[in-house]
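Structure first, commentary second.
Number of protein chains: 2
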Amino acid sequence: MSTASPLVNDRFLRALLRQPVDYTPLWIMRQAGRYLPEYRATRSKAGDFMSLCRSAELACEVTLQPLERFDLDAAILFSDILTVPDAMGLGLSFAAGEGPVFAHPLRSRAAIEKLPIIDPNLELGYVMNAVRTIRHALQGRVPLIGFSGSPWTLATYMVEGGSTKEFAHIKGLMYSDPSSAHLLLDKLSRAVTDYLNAQVQSGAQALMIFDTWGGVLSPDKYREFSLRYMAQIVDGLIREHDGRRVPVIVFTKGGGAWAQDIAAIGADAMGVDWTSDLTAVRQQVGHLVALQGNLDPSVLYAPEPVIEQEVARVLAAFGHGNGHVFNLGHGIHQHVDPDRVRYLVDAVHRLSRPYHAAHS
Amino acid sequence: MSTASPLVNDRFLRALLRQPVDYTPLWIMRQAGRYLPEYRATRSKAGDFMSLCRSAELACEVTLQPLERFDLDAAILFSDILTVPDAMGLGLSFAAGEGPVFAHPLRSRAAIEKLPIIDPNLELGYVMNAVRTIRHALQGRVPLIGFSGSPWTLATYMVEGGSTKEFAHIKGLMYSDPSSAHLLLDKLSRAVTDYLNAQVQSGAQALMIFDTWGGVLSPDKYREFSLRYMAQIVDGLIREHDGRRVPVIVFTKGGGAWAQDIAAIGADAMGVDWTSDLTAVRQQVGHLVALQGNLDPSVLYAPEPVIEQEVARVLAAFGHGNGHVFNLGHGIHQHVDPDRVRYLVDAVHRLSRPYHAAHS
Chain A
121 MSTASPLVND RFLRALLRQP VDYTPLWIMR QAGRYLPEYR ATRSKAGDFM SLCRSAELAC
181 EVTLQPLERF DLDAAILFSD ILTVPDAMGL GLSFAAGEGP VFAHPLRSRA AIEKLPIIDP
241 NLELGYVMNA VRTIRHALQG RVPLIGFSGS PWTLATYMVE GGSTKEFAHI KGLMYSDPSS
301 AHLLLDKLSR AVTDYLNAQV QSGAQALMIF DTWGGVLSPD KYREFSLRYM AQIVDGLIRE
361 HDGRRVPVIV FTKGGGAWAQ DIAAIGADAM GVDWTSDLTA VRQQVGHLVA LQGNLDPSVL
421 YAPEPVIEQE VARVLAAFGH GNGHVFNLGH GIHQHVDPDR VRYLVDAVHR LSRPYHAAHS
Chain B
121 MSTASPLVND RFLRALLRQP VDYTPLWIMR QAGRYLPEYR ATRSKAGDFM SLCRSAELAC
181 EVTLQPLERF DLDAAILFSD ILTVPDAMGL GLSFAAGEGP VFAHPLRSRA AIEKLPIIDP
241 NLELGYVMNA VRTIRHALQG RVPLIGFSGS PWTLATYMVE GGSTKEFAHI KGLMYSDPSS
301 AHLLLDKLSR AVTDYLNAQV QSGAQALMIF DTWGGVLSPD KYREFSLRYM AQIVDGLIRE
361 HDGRRVPVIV FTKGGGAWAQ DIAAIGADAM GVDWTSDLTA VRQQVGHLVA LQGNLDPSVL
421 YAPEPVIEQE VARVLAAFGH GNGHVFNLGH GIHQHVDPDR VRYLVDAVHR LSRPYHAAHS
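Residue numbers (my numbering), protein chains in the order written: chain A, 121 to 480; chain B, 121 to 480.
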């Protein structure tokens with residue numbers, strides 16, 4: 121990727137590295153999603169969800185859709201957190217209205233041992249095509265974020281076979297046969313490292329690890345079965361590419377209480393959901409990492425004055441200084457009115473300027 | 121209730137009041153539940169779930185079932201957290217395999233204004249009958265816990281009409297029309313206070329407020345829309361009856377980060393789920409409250425040595441001294457083998473004695 125256009129708006133990358141910006145950058149988790157009518161149109165054209173992910177052209181189309189509407193400061197690869205286990209042969213599909221389903225859940229040590237080592241440029245070549253296509257189409261407008269699910273999060277879906285409330289199978293494995301659980305998590309860590317590095321080599325300019333289900337663990341099990349493997353991945357990532365630092369964000373939903381541990385694994389930034397107080401988290405992590413978050417996605421159901429007030433609250437909670445990327449604390453809900461999103465984006469940019477004015 | 125038998129085992133009440141005990145008492149959330157074959161037999165005899173709750177004889181039967189099997193230190197009224205909104209006319213039912221469903225969800229200010237004031241001895245007379253029947257049948261073996269859902273938790277189901285992942289309607293109300301949300305929560309607080317006091321007058325010897333969904337709020341919204349109303353209830357409860365203190369436990373699932381705020385509302389004890397470190401929570405709350413918890417329910421899928429080790433970990437995390445009631449951090453899962461529960465109960469009693477030996 122020596123042909124990259126220079127970045128027009130690099131506020132997102134600068135904020136992740138705690139460098140000065142003129143206003144707080146933002147993007148929105150699941151910003152290319154069902155709340156946008158143009159997304160729903162492309163999605164129905166593609167057929168099922170995985171066909172949309174597998175087509176570089178369509179994945180690029182939906183990645184750019186929210187950028188056409190809103191003044192967002194980053195694009196994120198349109199894909200799924202579960203592409204790696206799918207490439208390992210578990211057979212990912214999405215039942216209508218349900219979550220993800222694996223045709224072949226992992227239920228034995230033998231199945232874990234047999235999991236193949238994948239080459240992300242082969243089995244996940246469609247993702248790399250999408251990254252290259254999107255990066256080219258962006259023409260340097262904003263940076264492109266690559267991502268993966270965390271090993272623990274991938275393992276929950278692989279062992280349960282889909283969504284779960286109780287995590288009976290994966291926790292049963294963790295408590296009854298921890299060595300098999302560690303074997304699985306280690307294999308996944310290696311695969312995710314290779315996958316994320318391939319995304320960087322294909323053009324991703326920042327990386328995010330989504331640990332959607334780390335928050336269902338007790339503190340000691342979180343450190344042993346989730347955080348440890350995210351640390352292993354961060355250690356193995358390409359951190360500079362094309363002469364520029366590639367920042368890494370780790371995000372454990374429900375992990376606010378473990379901020380100090382998360383901040384210590386060597387990532388550049390951590391995501392913070394809306395159940396944590398951003399002031400407290402910032403105090404705990406000091407200057408170790410930038411913070412990304414932390415508006416409750418449900419604020420987007422409120423009228424404009426309430427959105428304004430809640431944006432102001434989050435900005436004030438982070439306070440003055442560098443190192444804040446504004447975001448929701450979770451993916452945007454499908455029933456949100458896109459006009460509220462426009463209001464949100466403009467409010468963040470407008471209201472954040474005073475927090476940066478005195479800093480250079 | 122002047123006819124009450126003297127309590128044979130009052131360790132649970134003593135622990136809640138941070139008084140000395142010889143071993144750590146325990147009970148298990150949802151201990152009368154689907155993991156017990158005898159419960160499933162009674163349930164199928166009753167027909168639907170609410171018929172089981174409405175029959176004092178059957179509710180008593182299932183309440184006592186786990187006590188026949190295991191050496192538990194408390195009984196809990198068999199009922200549902202949503203009886204109050206059902207009595208207000210919302211029409212509660214349970215679809216097979218689904219969660220609770222309200223036939224008439226609340227979707228307007230007018231509907232909130234029209235909610236009737238209920239007399240718990242009339243509209244919820246079946247609950248009081250069950251409390252009296254169970255208390256009589258217990259003959260003082262262990263104390264009987266009465267309970268209700270918290271106002272915020274009741275409101276989520278009432279406004280959503282059932283279970284939800286996104287809380288779009290209730291949070292939409294909270295952010296868009298906070299005065300209507302407060303009107304609803306205030307009405308519910310008054311109704312829950314009357315309901316819990318009627319349970320005490322019918323024979324409940326301790327009370328628990330289940331705030332199942334307080335943890336989906338941001339810290340400031342939690343204090344304003346959930347904790348405030350639990351404080352209002354605690355202020356209005358009968359705290360002594362038949363010459364004995366009636367302890368109150370508040371439990372916000374996912375509320376570990378707010379332990380200091382929760383401990384300050386005047387309850388005797390707080391529940392702690394497994395995502396919190398019991399040592400840290402105890403340090404934060406000091407001597408304000410006893411703590412109840414905090415084993416991950418999934419530990420019961422593990423073999424006995426792992427259960428033993430995890431019990432030891434929780435006991436060590438609380439440490440020496442008074443004020444610990446052992447429990448799971450959430451209701452027991454339906455697929456747990458009852459023999460593992462027996463092992464758990466005995467392990468807690470056996471392993472906890474050294475933590476109390478030096479204290480008198």
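Cβ coordinates follow ideal geometry from the N, Cα and C atoms, glycine included.
Comparing alpha carbon positions, the residue from B/258, B/267 and B/283 closest to residue 357 of chain B is B/267. DSSP places residue 392 of chain B inside the beta strand (DSSP E), whose first and last residues are 389-392. Every unbroken stretch of the alpha helix (DSSP H) spanning 4 or more residues and falling wholly within the stretch 123-194 of chain B is given here in chain order: 131-136, 157-166, 169-174 and 176-189. Boundaries of the beta strand (DSSP E) around residue 372 of chain A: 368-372. Between the alpha carbons of residue 398 of chain B and residue 439 of chain B lies a distance of about 9 Å. Beta-bridge analysis with DSSP links residue 268 of chain B to B/329. The three-state reading of DSSP puts residue 232 of chain A in helix, counting H, G and I together. Using a CB distance below 7 Å, the part of the stretch 278-300 of chain A facing chain B consists of 286, 287, 288, 291, 292, 295 and 296, ordered along the chain. Look at the beta carbons and you see the stretch 181-193 of chain A not touching the stretch 215-223 of chain A: under three pairs across the two are nearer than 8 Å. At a cut-off of 4 residues, the continuous stretches assigned as alpha helix (DSSP H) that sit fully inside the stretch 376-419 of chain B are 379-383 and 398-405.
Judged by DSSP in its simplified three-state form, residue 345 of chain B adopts helix. The beta carbons of residue 194 of chain B and residue 145 of chain B sit about 7 Å from each other, so the pair counts as a contact at 8 Å. For residue 438 of chain A, the secondary structure class from DSSP, reduced to helix, strand or coil, is helix.
Judged by DSSP in its simplified three-state form, residue 364 of chain B adopts strand. Cβ proximity to chain A below 9 Å picks out 394, 395, 396, 397 and 400 from the stretch 394-407 of chain B. Residues of chain A whose Cβ lies closer than 9 Å to the Cβ of residue 416 of chain B are, in chain order, 291, 295, 336, 337, 338 and 341. Excluding residues up to 5 positions away in sequence, 172, 178, 181, 182 and 185 lie with their Cβ nearer than 8 Å to the Cβ of residue 162 of chain B in the same chain.
Contact annotation for residue 419 of chain A against chain B: 295 [CB-CB distance below 7 Å, chain order]. Three or more Cβ pairs drawn from the stretch 322-342 of chain B and the stretch 269-279 of chain B lie within less than 8 Å of each other, which places the two stretches in contact. At the C-beta level, residue 475 of chain B and residue 448 of chain B stay beyond 9 Å of one another.
Here the alpha carbons of residue 314 of chain A and residue 234 of chain A stand approximately 19 Å from one another. Look at residue 476 of chain B here: in three-state DSSP terms it is helix. Taking a C-beta cut-off of 7 Å against chain B, the contacting residues of the stretch 421-437 of chain A are 421, 422, 423 and 426, listed in chain order. Contact between residue 252 of chain B and residue 322 of chain B is confirmed by a C-beta separation of about 5 Å, below the 8 Å threshold. Contact annotation: residue 246 of chain A and residue 309 of chain A have beta-carbon atoms that are not nearer than 9 Å. Contacts with chain B at 9 Å (Cβ-Cβ) do not include residue 439 of chain A.
Distance check between residue 226 of chain B and each of B/442, B/148 and B/293 places B/293 closest, using alpha-carbon atoms only. Distance from the CA of residue 416 of chain A to the CA of residue 262 of chain B, rounded to the nearest whole angstrom, comes to 43 Å.
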